[in-house]
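K.L.:
Numbering (this note's numbering), first residue to last: 6 to 254.
Quick one: the structure is below, and I'll ask about it shortly.
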C-alpha cells in the first residue's frame, strides 16, 4: 500500500543523482532492501507497519540505476504524534501539545561504502523542499548510534547532556523498557572534538543547525542500535544555513 499524500510530481537532480518519491510497491521494496543492508537486518527486507503511512524518498544513481540512499517522512500535528514511529519508544505527551505542523524523518540511510557528498546534499535538498511545501515548524525523529554498547559513547552522551538537551516543555519522557540515561561529566577531562566526531553524521548535522535531543538513549535490540529522540525547530536554523539549504533546491 502507498501512503496517503504520495506524489509522483516530486523530483530533483544533482550531479548524476536523482531524488524521487516512491509511487509503487516496487519502489518501497527497493527502499526496504537498502535499509536491510544498511541496518544489518536479517532477511532481505527491513519492513514495518509504519511504511504504509510514510512518504518514501529514493535517491538513485542515474549511471547505474542503483539506489544510493532513502528515507521516509510523514507530516504530523500534535494529536497525530501517537501514531509516529518515535512514539513507540518515547513518551511524547508534552510535544503533542504543539499543534504546529511537524515532520517525522526516519530510516535515513546511504548505501555502505558510498561517500559521495552529493548524495547527502540532494537528500537535504529533498527535505528542504518538503519543509517549505508543508510549512513544517519542527523536524523530529530517532537518530541511531551503531551498536548497543553504551560505554562506547559515554563522552558523547555527556556532551549531549550538557549542551544539547531539548527544551523541558517539549522533551520526551522515558517509555521504552531499556534506556541509557545521560549524565553530566567534567567536559574538561576529555576531547570535545573527538566527542563531536563520534556523533552520527545525521545527528551532528541536526545539532549544528540548532537541533536538540532527549535526555536518554533507547536500546533497540532489533536494529542493534542505540537511538536518541531528535528535534529541530525550523526557526532555530541560522539564516545563513537556511539560504544554503534553499540554494540546493
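Glycine is no exception: its CB is placed at the ideal position from the N, C-alpha and C atoms.
1) Relative to the alpha-carbon of residue 253, which residue among 97, 108 and 133 has its alpha-carbon at the smallest distance?
2) Which whole runs of the beta strand (DSSP E) in the region 206 to 246 are 3 residues long or more, in chain order?
3) Please report the residue range of the beta strand (DSSP E) in which residue 23 lies.
4) Just how far apart, CA to CA, sit residue 172 and residue 73?
5) Would you call the region 168 to 182 in contact with the region 112 to 127, where contact means no fewer than 3 C-beta pairs closer than 8 Å?
6) Starting from residue 65 and walking both ways along the alpha helix (DSSP H), at which residues does that stretch end?
7) What do you reckon, are the CB atoms on residue 207 and residue 153 nearer than 7 Å?
8) Report yes if the C-beta distance between residue 103 and residue 118 is below 7 Å; otherwise report no.
9) Could you check the C-alpha separation between residue 240 and residue 68 for me, to the nearest Å?
10) Are residue 105 and residue 81 close, meaning C-beta to C-beta below 7 Å?
11) Which residues in the same chain have their Cβ closer than 8 Å to the Cβ of residue 139, if we skip the five residues on either side of it in sequence?
12) Can you list, in chain order, the stretches of the alpha helix (DSSP H) that have 4 or more residues and sit fully within the region 43 to 129?
13) Determine the DSSP secondary structure at residue 174, reduced to helix, strand or coil.
14) Residue 16 bridges to which residues according to DSSP?
15) What does the alpha-carbon distance come out to for the pair residue 52 and residue 187?
16) I think residue 235 touches residue 145, with their Cβ atoms under 8 Å apart; what is that distance to the nearest whole Å?
17) Anyone know if the C-beta pair for residue 36 and residue 61 falls short of 7 Å?
18) Exposed or buried, which one is residue 282 when buried takes at least 16 other CB atoms within 10 Å?
19) Quick one: measure Cβ to Cβ for residue 222 and residue 233, integer angstroms, because I've assumed they're closer than 8 Å.
20) Spatial neighbours of residue 33 within its chain, please: C-beta separation below 8 Å, excluding the five flanking residues on both sides.
21) Pick from 219, 50, 42 and 76: whose alpha carbon is nearest that of residue 135?
22) Roughly how many whole angstroms lie between the Cα atoms of residue 238 and residue 94?
23) Can you check whether the CB of residue 218 is closer than 7 Å to the CB of residue 169?
24) Suppose you measure from the CA of residue 300 to the CA of residue 97; what does that come to, to the nearest Å?
25) Just mark residue 156 as buried or exposed, buried being the case when its beta carbon has 16 or more other beta carbons within 10 Å.
26) Who are the Cβ neighbours of residue 49 in its own chain at under 7 Å, not counting the five residues just before and after it?
P.N.:
Looking at the coordinates:
1) Answer by Cα proximity: 133.
2) Qualifying beta strand (DSSP E) stretches, in chain order: 217 to 225 and 230 to 238.
3) 22 to 26
4) 35 Å
5) no
6) Where residue 65 is concerned, there is no enclosing alpha helix (DSSP H), although the beta strand (DSSP E) it sits in stretches over 60 to 66.
7) no
8) no
9) 38 Å
10) no
11) Excluding positions up to five away in sequence, the list reads 80, 106 and 108.
12) none
13) coil
14) 25
15) Roughly 30 Å separates the two Cα atoms.
16) 7 Å
17) yes
18) Outside the shown range of the chain, which is 6 to 254, sits residue 282, and nothing can be said about it.
19) 5 Å
20) 7, 27, 56 and 61
21) 76
22) 21 Å
23) yes
24) Any property of residue 300 remains undetermined from this structure, which presents the chain solely from 6 to 254.
25) exposed
26) Closer than 7 Å at the Cβ level, and outside the excluded window around residue 49, lie 38 and 41.
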